[in-house]
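For the sequence shown, the numbering used here begins at -15 and goes up steadily by one.
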Amino acid sequence: MNLPGSVVVITGIGGFIGLRLAEVFRDAGATVRGLELPGAASSRARAAGFEVLDGDVTNAPSAKAAVRGADVVLHTAAIVGEGGDLEVYRRVNVGGVVTMGEAARAAGVRRFVHLSSVMVHGFTFPDGVTEDGPLRGEGNAYCQTKIESEAALRPLEVPGTFDVTIIRPGDVYGPGSVPWVVRPLELMKRGLFALPDGGRGVINHVHVDSLVHGVRLAVEQDASGVFTLSDGVATSCREYFGFLARMAGVSMRSFPSWALLGAFSVIAPAFEAFGREPPARADAVRYLLRPHAYSIEKARRVLGYAPQVTLVDGMAQVEAWAKERSLV
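As structure tokens, then:
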């Protein structure tokens, strides 16, 4: 697909990934507009010069209005977190993709790109797991609803008329990433960050610009199917979070995983009982104990994908950004 002259609609356009997608696709010559919940994210996208419809991806009229006249829909909107109420996640992560997919197909959209997650493989998976590898919800609301979102979207595809691409990003970092930059830095400064088991787990990092590059390749090449996008390397948690610790000027701490799991199993319900978001949940420990890297060979072979930003360069960007905002 030629991007110049095409109309691209992005759900969650004001988010970390959505806004970067919008900037890159606009620079490539596409007309970009978005669907976003009213609030700070919507205002952020408007301030960047994008047309934004305030609405909810689970609302059929909002979805219909957003996709009218579009060639491509990039669906990034989702509840992202360590865990929580399954039905809340299901309403947005599954219901939202179905509502947007049905509206897009009815409007004659040519391609629907759904940003899923590598977490469809759960917390335990084979080394170098491919797109065809086992799917495991493992009792986690985010993992489970990302699996369900893919399964709900596939029956809507009409090859050659309404084509579907599913992207499974790794751990997306970069300036502004909440789970992999902002939140860890804030916890470190408060003395609340610790690695389980010495940081032996694996971070499957991918800079947001590398992810966006892969999405653009898939759209330009009319590539359907499922693609995992990460840097394709097994970086230990100790190495990854070591960059952030040095920025924050703190020493890295570690505790046995059993101790952290037990502590968060008590702390999270206590915070929730008072209507507050806990500093972390037990599943946060499980995220940081993933043992292996995911394979990106399919994306390399089919799309010609290659990571665009090294971890060292990406963390240099993060540090400059964090200093500008007095986060470090």
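Every residue, glycine too, gets a C-beta built ideally from N, C-alpha and C.
Let me make sure I understand the geometry here. Which of I187, E86, T294 and R74 has the alpha-carbon closest to that of V102?
Taking the sequence shown and counting its residues from 1, the one referred to as residue 102 is at position 118. Cα-wise, what sits closest to V102 is I187.
With a floor of 3 residues, list each beta strand (DSSP E) that falls wholly inside the segment 5 to 72, ordered by position along the chain.
Taking only runs of at least 3 residues, the beta strand (DSSP E) segments lying wholly in the segment 5 to 72 are 15 to 20, 35 to 38 and 56 to 59.
Between which two residues does the beta strand (DSSP E) holding L328 run?
Lying outside -15 to 312, the shown extent of the chain, residue 328 is not represented and no answer is given.
Go through the segment 144 to 194 residue by residue and report every complete run of the alpha helix (DSSP H) that reaches 4 residues or more, in order.
Segments of the alpha helix (DSSP H) lying fully in the segment 144 to 194: 167 to 173.
If you follow the beta strand (DSSP E) that G209 is part of, which residue opens it and which one closes it?
In the sequence shown, counting from the first residue as 1, residue 209 sits at position 225. Run containing G209: G209 to L213, per the beta strand (DSSP E) assignment.
CB E115 to CB G209, shorter than 9 Å?
Taking the first residue of the sequence shown as position 1, residue 115 is located at position 131. Taking the first residue of the sequence shown as position 1, residue 209 is located at position 225. Yes; because the gap between Cβ atoms is below 9 Å, this pair is in contact.
Tell me where the beta strand (DSSP E) around V286 begins and ends.
Residue numbering aside, residue 286 sits at position 302 when the sequence shown is read from its first letter. Per DSSP, V286 belongs to no beta strand (DSSP E) and is neither H nor E.
If you measure between the beta carbons of V8 and V(-7), is that distance less than 9 Å?
Numbered from its first residue, the sequence shown carries residue 8 at position 24. Numbered from its first residue, the sequence shown carries residue -7 at position 9. For V8 and V(-7), no; Cβs fall outside 9 Å.
Classify A108 as helix, strand or coil using the three-state DSSP reduction.
Reading the sequence shown from its first residue, position 124 is the one you call residue 108. Note that residue 108 is Thr in the sequence shown, not Ala. Coil, per DSSP.
On the criterion of 16 or more Cβ atoms from any shown chain inside 10 Å, does S161 qualify as buried, or is it exposed?
As a position in the sequence shown, residue 161 is number 177, starting the count at 1. It is buried - the Cβ of S161 has at least 16 other Cβ atoms within 10 Å.
Do A24 and G2 have their C-beta atoms within less than 9 Å of each other?
Position 40 of the sequence shown, counted from the start, is the residue given in the question as residue 24. Position 18 of the sequence shown, counted from the start, is the residue given in the question as residue 2. Going by C-beta atoms, A24 is not nearer than 9 Å to G2.
Around the C-beta of A88, are 16 or more other C-beta atoms found within 10 angstroms, so that it is buried, or is it exposed?
The residue labelled residue 88 in the question sits at position 104 within the sequence shown. A88 should be labelled buried.
Out of A290, Y289 and V312, state which residue places its alpha-carbon closest to the alpha-carbon of A300.
Sequence index remark: in the sequence shown, residue 300 carries index 316 (1-based). With distances taken between Cα atoms, A300 lies closest to V312.
Using 9 Å as the threshold, is the C-beta distance between A61 and G(-4) below it?
In the sequence shown, counting from the first residue as 1, residue 61 sits at position 77. In the sequence shown, counting from the first residue as 1, residue -4 sits at position 12. Yes.
From which residue to which residue does the beta strand (DSSP E) around V(-8) run?
On the sequence shown, residue -8 is found 8 positions in, with the first residue counted as 1. Start and end: V(-9) to T(-5).
Roughly how many angstroms separate the alpha carbons of A202 and G106, rounded to a whole number?
On the sequence shown, position 218 is the one that residue 202 refers to. On the sequence shown, position 122 is the one that residue 106 refers to. If you take the alpha carbons of A202 and G106, they lie about 25 Å apart.
So, at 6 Å on beta carbons, what are the nonlocal neighbours of G79 in its own chain, with the 5 sequence-adjacent residues on each side left out?
The sequence position of residue 79 within the sequence shown is 95, counting from 1. Once the five neighbours on either side are set aside, the close Cβ partners of G79 are T42.
Is W164 buried or exposed, if buried means 16 or more other CB atoms sit within 10 Å of its CB?
To locate residue 164, count along the sequence shown from 1; it is residue 180. Looking at its Cβ environment, which holds 16 or more other Cβ atoms inside 10 Å, W164 is buried.
My assumption, with CB atoms under 8 Å, is that A49 sits in contact with L58. Please give the rounded CB distance.
Numbered from its first residue, the sequence shown carries residue 49 at position 65. Numbered from its first residue, the sequence shown carries residue 58 at position 74. Incorrect: roughly 17 Å between the Cβ atoms, too far for contact.
Spatial neighbours of E20 within its chain, please: C-beta separation below 7 Å, excluding the five flanking residues on both sides.
Translated into positions along the sequence shown, residue 20 becomes position 36. Within the same chain, E20 has close Cβ partners G(-4), I(-3), G(-2), S26, A29, V36 and D38.
By Cβ distance below 8 Å, which residues in the same chain neighbour V190 in space, the five residues on each side in sequence not counted?
For this step, residue 190 is matched to residue 206 along the sequence shown. Correct list, in chain order: P153, G154, D155, V156, Y157, L213, S214, D215 and P291.
Okay, do the segment 233 to 240 and the segment 70 to 84 touch, 3+ Cβ pairs below 8 Å being the bar?
Contact between the segment 233 to 240 and the segment 70 to 84 is absent, because fewer than three Cβ pairs lie under 8 Å.
Thinking C-alpha only, which one of M172, F225 and E170 is nearest R184?
Stepping through the sequence shown from its first residue, residue 184 is reached at position 200. Out of M172, F225 and E170, F225 has the C-alpha closest to the C-alpha of R184.
Taking the alpha-carbon of L245 as reference, which of A304, A229 and L272 has the nearest alpha-carbon?
One-based indexing of the sequence shown puts residue 245 at position 261. Looking at the Cα atoms, L272 is the closest of the given residues.
Considering only their Cβ atoms, is the gap separating L5 from E204 smaller than 9 Å?
Translated into positions along the sequence shown, residue 204 becomes position 220. Translated into positions along the sequence shown, residue 5 becomes position 21. The answer is no: Cβ separation not under 9 Å.
Am I right that M231 and L169 are in contact with their C-beta atoms under 8 Å? What's the rounded C-beta distance?
The count along the sequence shown starts at 1 and reaches residue 231 at position 247. The count along the sequence shown starts at 1 and reaches residue 169 at position 185. That belief holds up - the Cβ atoms of M231 and L169 are roughly 7 Å apart, short of 8 Å.
Would you please state the rounded distance, in angstroms, between the beta carbons of E134 and S100? I believe it to be under 8 Å.
Within the sequence shown, residue 134 is the residue found at index 150, counting from 1. Within the sequence shown, residue 100 is the residue found at index 116, counting from 1. Between S100 and E134 the Cβ distance is about 5 Å, and since that is below 8 Å, they are a contact.
Based on the DSSP secondary-structure assignment, which residues constitute the bridge partners of F239?
Within the sequence shown, the letter at position 255 stands for residue 239. For F239, which the question treats as bridged, DSSP gives the partners P180.
Counting only the same chain and skipping the five closest in sequence on each side, list residues whose C-beta sits under 6 Å from that of L195.
Counting from one through the sequence shown, the residue named residue 195 turns up at place 211. Answer for L195: P153, V156 and L213, listed in chain order.
Is T129 helix, strand or coil by DSSP?
Counting from one through the sequence shown, the residue named residue 129 turns up at place 145. Three-state result, T129: helix.
What residue does the alpha helix (DSSP H) around M(-15) start on, and which one ends it?
Within the sequence shown, the letter at position 1 stands for residue -15. Unbroken run through M(-15): none, as it is neither H nor E.
Mind checking A178: buried by the 16 CB within 10 Å criterion, or exposed?
For the purposes of this step, residue 178 is identified with residue 194 of the sequence shown, where counting begins at 1. It is buried - the Cβ of A178 has at least 16 other Cβ atoms within 10 Å.
Run through DSSP, which three-state label would T219 get?
In the sequence shown, the residue the question calls residue 219 occupies position 235. Correct three-state label for T219: strand.
Take M172 and list the residues in its own chain whose beta-carbon comes closer than 7 Å to its own, dropping the five residues that flank it on each side.
The residue given as residue 172 occupies position 188 in the sequence shown. Here the set comprises L228, A229, A232 and V234.
In the DSSP assignment, what residue or residues form a beta bridge with Y337?
Summary: the structure shown does not reach residue 337, with the chain confined to residues -15 through 312, and so no result is reported for it.
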